[in-house]
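Shown next, in structure tokens, is the structure this report addresses.
There are 2 protein chains.
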Amino acid sequence: MAAVPGDPRLAVDRSLRERVPPLLTDLYQFTMAYAYWRAGRHQEPAVFELFFRDNPFGGGFSLFAGLQDCLQFLRSFHFTDEDVEFLRSVLPPVTDPAFFTFLKCLDCSGVTLRSVPEGTVVFARVPVMEVAGPLAVVQLLETSLLCLVNYASLVCSNAARFRLAAGPRRRLLEMGLRRAQGPDGGLTASRYSYIGGFDMTSNVQAGFLFGIPVVGTMAHSYVTSFTSLEEVWPQTLNAANGDQVDFISLTKGLLARVCVLLKAEAGKIHEGELAAFLTYAIAYPHNFLPVIDSYSVDCSGLLNFCAVALALSELGHRPVGVRLDSGDLCRQSLNVRQVFKLCSEHFSVSTFDSLIIVGTNSFSESTMADLNKKENEIDAVGVGTHLVTCSKQTSLGCVYKLVEVRGRPRMKVSEDPEKSTVPGKKAVYRLLGTDGHPFLDVVCLAVEPPPKPGQPLSYYLREEDTSRSVTPTQVTCLRQEVFTKGQVTYPLCNAKETRANAQSSLQTLDPKHKRLQDPDVYTVAVSEKLHKLVSEIQRSCTNNSSTNFLLSN
Amino acid sequence: MAAVPGDPRLAVDRSLRERVPPLLTDLYQFTMAYAYWRAGRHQEPAVFELFFRDNPFGGGFSLFAGLQDCLQFLRSFHFTDEDVEFLRSVLPPVTDPAFFTFLKCLDCSGVTLRSVPEGTVVFARVPVMEVAGPLAVVQLLETSLLCLVNYASLVCSNAARFRLAAGPRRRLLEMGLRRAQGPDGGLTASRYSYIGGFDMTSNVQAGFLFGIPVVGTMAHSYVTSFTSLEEVWPQTLNAANGDQVDFISLTKGLLARVCVLLKAEAGKIHEGELAAFLTYAIAYPHNFLPVIDSYSVDCSGLLNFCAVALALSELGHRPVGVRLDSGDLCRQSLNVRQVFKLCSEHFSVSTFDSLIIVGTNSFSESTMADLNKKENEIDAVGVGTHLVTCSKQTSLGCVYKLVEVRGRPRMKVSEDPEKSTVPGKKAVYRLLGTDGHPFLDVVCLAVEPPPKPGQPLSYYLREEDTSRSVTPTQVTCLRQEVFTKGQVTYPLCNAKETRANAQSSLQTLDPKHKRLQDPDVYTVAVSEKLHKLVSEIQRSCTNNSSTNFLLSN
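Those protein sequence lines, which keep their order, are chains A and B.
Residues 121 to 673 (the working numbering) make up the first sequence, in order.
Residues 121 to 673 (the working numbering) make up the second sequence, in order.
Pasting the structure below:
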């Protein structure tokens, strides 16, 4: 790709990762593929569906993500000779050698993927992907597709909830790389947190690959590495007008005045911290945003910041703000803002009115939501562990279920109704009301005509036997063909575009479904025809009258 | 590498992942590196330590893992021209161009890593890694090293707890790929779950790369894809003696006899399930271990299994067992075992005595531990979500702290004593008692002579001001040099060897520290000299008498 990395004009991001190898799957996919092959069933047309059973985090919705990775996986799916030799070594010795020849020729040219677009709001039990193709091939794809969708959708949904908790104004920074599941987990987290509603990341590689804005200034180690002003070099800084100024003397003078203004004890101020701030400001006079709690915010960090920031302002540079990383951030931010105001007035420095306060201290969804309840002056929040590990719910629990073979619907009729599947090849429609909000997703058989705006539609809720009726104002078909005959047929979007799609999909959702606690349940229903099919299969199972039952004939 | 993948003779596994790019880090590492460089401090010798503050999962220990990945990262650490151009685009425009020339020449030839060996039992607050080298370089390594150690150690420790909960006898299968944080998260999980004490994985790529035993047979989709015996092909199976036998007729006859024996209703048996079992057994007569709960264990799956397994036995093949994937596994396993015994006696088939029962249904550490309390017949357990996502505690919280610059100890003196660091370049010794169990890790200054067996040693506990004394029977030095002058100086082990090391390290640990609930706390102490250094620095901070304090002179 010749374009500059991160160039917003890039239609598609760089690949999220190296090619996902087709061996990155569960062994049983191969033993099943072999058994299908041995029985001559491997080419039978089959349809699988991917869905999850509950909206994550006790919420009312999810964001669907991971599609682009799935498409790249399908496009490059093939076994190398080395892959096949390894499979030969782990599959039982009785495996017919012709099966390995078959594997060597496999690709996804016979597979068609229909999917909800990436970044769409989706709900539990809606089949978000439909994978159709030769039985052995679509079976082999299961684990890899689940692996690519599960975490991407989970962390994207988590980010969307953090965004809802933070409100639209506050800037959100993802900084979870060090706590993610390894390098690729960290990259996936950065990408999908951005798509879910974060503004920036600390992860440079994510900026490189996906064009996500990257930010960061300094850690405590930078501050504690300095001990005295003797370490400050160069000691001068050029003013905006080009004059070279002794920056240390200027700052020391201002520090003394700040101490007087704030009635602070000069003796408690940490010289190493001041040295750290000075060197950083000299290096980056337009990007001065230090962490101010290495020793004591009130007795040292805030005073040192004000002195250096006032010196920068005096030279015509614009300091950016401060970062707070421990303790009661709300209380501290109020105090910091008050000091900024005092300095702004006392020193007549208007830039101090717009200094930003960044908070980073183990933010969870609930402490983020607290920011809207407690008085505070935090403009931007950095989130790491709880975002990327999805500590509130660590897995989305996506599943991949067989719904049709050779044109015949297949259904798992479990003793646990939660685990029963819905048979048949389907279409999914989203119905919108007069207010423009979607209010019902209806799952139909693929052969049914789509619901029409302005016309009443009968539908059934799960485990109800009486139909209901509704008249939609608008109807959209939720899934589209995105891959067929070995080709991606879906306009790939870069992270920024997908983020915009996700935000606009969230925007149309009624706020009652977006409440973080106790949201109104969004209705997912089945069509009359599909309900009838489910009932028939269930009845045939309990009546033992079906040819599915052995020895009954 | 010419050796066959997975070959146990391989001294080292294949690389866990593609080279970790040096941009996979937080941006502030670069802004800090620049500020150091600008101040002429980038070459100053510095020492960072990596440790975690609390043992994970409320336990008494952790396993240290991720070292091999760190070594590969250090060995290959360098910036490509493209990396540097990207950095140029994201760092502030005032960044001196000479800094980018400096970056292009950077590598880890000046870095020395001292580390606890991979797979060693470690405890909170023991610095497991010490990274020494030029200040700017060792600062740049922070995020990547944390990312490589954090999750690896967490999931390895989690696996060790599952192993302790399961007891030594039960076979443990890791099968979390689909619930992991993407492909690489899944690979990391498989590798370190094995090292932590699991026996097998479902992840084929993990078998390919690391030689972990890979297992798997069939999913529910395989069972539900069949509807009738007409789909069974071929219908014959060769007996061990070479005779070709009509396997369907043989099995149907046995099924009728099983129904009589167990007083089961033949009409409730699912023909599609029998067809699935038959085709699988015909494909893999020596590896027959079907999932038997697709419809009903008692009314269909178990009966079908027994019929097919008896038919296999009659032909001289040896069926393996069954998998239960839903419901009350303990209760079901008792019932299944009873049926196996009945069949063994009634049909005089001794292989039925050794059939194994595999359980896989959202196992957590606590449901695993329950298996030791409730009567059950489960021989092997598959664990996915709770193992790989470490749902009980999703992050180890490793940190990387500066302890020395230019030979001078550095310490963060936080208002929160938990967040204060321990200064200075150190050595760590593990003291063993007469019973052979380690009982104390003592952190000393590197310049101190090591504690000697049979000689009393004074030590201090954190936040205590009176010394204690102890006489160890044995003393081991916990860390060793593993990387220096650009070379790995540590004998790299493959996964199997590291697993053996981990198990033997766990073996020496006193059971009281291994209790999953309320373990006895293992003592981590500091030497008299180190305690003195900490006290001095703390005193100088509170007395304001140090030159660290500005304006005091």
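By construction, the Cβ of each residue, glycine as well, lies at the ideal position given by its N, Cα and C atoms.
Just so it is clear, the structure is predicted and the values come from calculations on it, not from any experiment.
Helix, strand or coil at residue i according to DSSP, with G and I counted as helix
i                     : result
residue 476 (chain A) : strand
residue 597 (chain B) : strand
residue 660 (chain B) : helix
residue 139 (chain A) : coil
residue 217 (chain A) : helix
residue 558 (chain A) : strand
residue 304 (chain A) : helix
residue 642 (chain B) : coil
residue 603 (chain B) : strand
residue 680 (chain A) : In the structure as shown, chain A begins at 121 and stops at 673. Residue 680 (chain A) is therefore absent and cannot be evaluated.
residue 669 (chain A) : With a pLDDT of 38 at residue 669 (chain A), under the threshold of 50, the modelled position of that residue is not reliable, and the figure given next carries that caveat. Note: residue 669 (chain A) maps to strand in three-state DSSP.
residue 635 (chain A) : coil
residue 244 (chain A) : coil
residue 515 (chain B) : coil
residue 387 (chain B) : helix
residue 500 (chain A) : strand
residue 654 (chain A) : helix
DSSP bridge partner residues for residue i (one or two, in chain order)
i                     : result
residue 170 (chain A) : A:249, A:520
residue 357 (chain A) : A:365
residue 182 (chain B) : B:242
residue 611 (chain A) : Answer is none; residue 611 (chain A) lacks a bridge partner.
residue 751 (chain A) : In this structure chain A extends from 121 to 673, so residue 751 (chain A) is not present and cannot be described.
residue 630 (chain B) : Per DSSP, none; premise fails for residue 630 (chain B).
Subject >> Unbroken stretches of the alpha helix (DSSP H), 4 residues or longer, contained in the region 443-496 of chain B >> reply: As far as the region 443-496 of chain B is concerned, its whole alpha helix (DSSP H) runs of at least 4 residues are 449-466, 485-490.
**OP:** Can you check the region 392-445 of chain A for any alpha helix (DSSP H) of at least 4 residues that lies completely inside it and give the ranges in chain order?
**Re:** 422-434
Original post:
Listed from N- to C-terminal order along the chain, which residues in the region 529-556 of chain A have their beta-carbon within a distance smaller than 9 Å of any beta-carbon of chain B?
Top reply: 530, 531, 532, 533, 534, 535, 536, 539, 541
**OP:** Flag this pair as touching only if the region 478-488 of chain B and the region 442-452 of chain B have three or more C-beta atom pairs under 8 Å; answer yes or no.
**Re:** yes
Subject >> Within 9 Å of chain B by C-beta, residues of the region 347-380 of chain A in sequence order >> reply: 347, 348, 349, 351, 352, 353, 354, 372, 375, 376, 379
Subject >> Positions along the region 389-412 of chain B whose CB lies within less than 8 Å of some CB in chain A >> reply: Close to chain A, meaning a Cβ-Cβ distance shorter than 8 Å, are the following residues of the region 389-412 of chain B: 389, 390, 391, 392, 394, 399, 400, 402, 403, 404, 405, 406, 407.
Original post:
So, do the region 279-299 of chain A and the region 312-330 of chain A have three or more beta carbon pairs nearer to each other than 8 Å?
Top reply: yes
Subject >> Ordered list of beta strand (DSSP E) runs contained in the region 187-236 of chain A, each at least 3 residues >> reply: 232-235
Original post:
Given 8 Å as the limit, is there contact between the region 195-204 of chain A and the region 552-561 of chain A, that is, 3 or more CB pairs closer than that?
Top reply: no
Original post:
Can you give, in chain order, each stretch of the beta strand (DSSP E) that sits fully within the region 275-354 of chain A and has at least 3 residues?
Top reply: 291-294
Subject >> At least three beta-carbon pairs within less than 8 Å, the region 531-542 of chain B to the region 348-367 of chain A >> reply: no
**OP:** Entirely within the region 525-592 of chain A and at least 3 residues each: give me those beta strand (DSSP E) ranges in chain order.
**Re:** 546-552, 558-565, 577-580, 588-590
Original post:
Given a limit of 9 Å on CB to CB distance, which residues of the region 503-514 of chain A reach chain B?
Top reply: 504, 505, 506, 508, 509, 510, 511, 513, 514
Original post:
Along the region 464-480 of chain B, what residues have a CB closer than 7 Å to any CB found in chain A?
Top reply: none
Subject >> Residues from the region 247-265 of chain A in contact with chain B, defined by Cβ distance under 7 Å >> reply: 255, 259, 263
**OP:** Taking 8 Å as the threshold, find out whether the region 293-309 of chain A comes into contact with the region 249-267 of chain B through three or more Cβ pairs.
**Re:** Taking 8 Å as the limit for Cβ pairs, the verdict is that the region 249-267 of chain B does touch the region 293-309 of chain A.
Original post:
Listed from N- to C-terminal order along the chain, which residues in the region 150-177 of chain B have their beta-carbon within a distance smaller than 9 Å of any beta-carbon of chain A?
Top reply: Near chain A, meaning a CB-to-CB distance below 9 Å, the residues of the region 150-177 of chain B are 150, 151, 152, 154, 155, 156, 157, 158, 159, 160, 161, 164, 166, 168.
Original post:
Are the region 372-381 of chain A and the region 141-159 of chain B in contact at 8 Å, needing three or more beta carbon pairs?
Top reply: Segments in contact, no.
Original post:
Are at least three pairs of beta-carbons, each pair with one atom in the region 625-632 of chain B and one in the region 599-617 of chain B, less than 8 Å apart?
Top reply: no
Original post:
Which residues, taken in chain order from the region 195-225 of chain A, show a beta carbon closer than 9 Å to some beta carbon of chain B?
Top reply: 202, 203, 205, 206, 207, 209, 210, 211, 212, 213, 214, 215, 216
**OP:** Taking a Cβ distance cut-off of 8 Å, strictly less, list which residues of the region 292-318 of chain B are near chain A, in chain order.
**Re:** Within the region 292-318 of chain B, the residues whose Cβ lies closer than 8 Å to some Cβ of chain A are 295, 297, 298, 299, 300, 301, 302, 303, 304, 305, 306, 307, 308, 309, listed in chain order.
Subject >> the region 331-344 of chain B contacting the region 207-223 of chain B, beta-carbon criterion three pairs below 8 Å >> reply: no
**OP:** Count the C-beta pairs between the region 409-421 of chain A and the region 365-373 of chain A that are closer than 8 Å, then say yes if the count reaches three, no if not.
**Re:** no
Original post:
Residues in the region 317-340 of chain A with C-beta within 8 Å of chain B's C-beta atoms, listed in sequence order?
Top reply: Contacts with chain B (Cβ-Cβ distance below 8 Å) from the region 317-340 of chain A involve 322, 323, 324, 325, 327, 328, 334, 335, 336, 337, 338, 339, 340, listed in chain order.
**OP:** Closer than 7 Å, Cβ to Cβ, to anything on chain A: give me those residues from the region 272-283 of chain B, in chain order.
**Re:** Answer set for the region 272-283 of chain B: empty.
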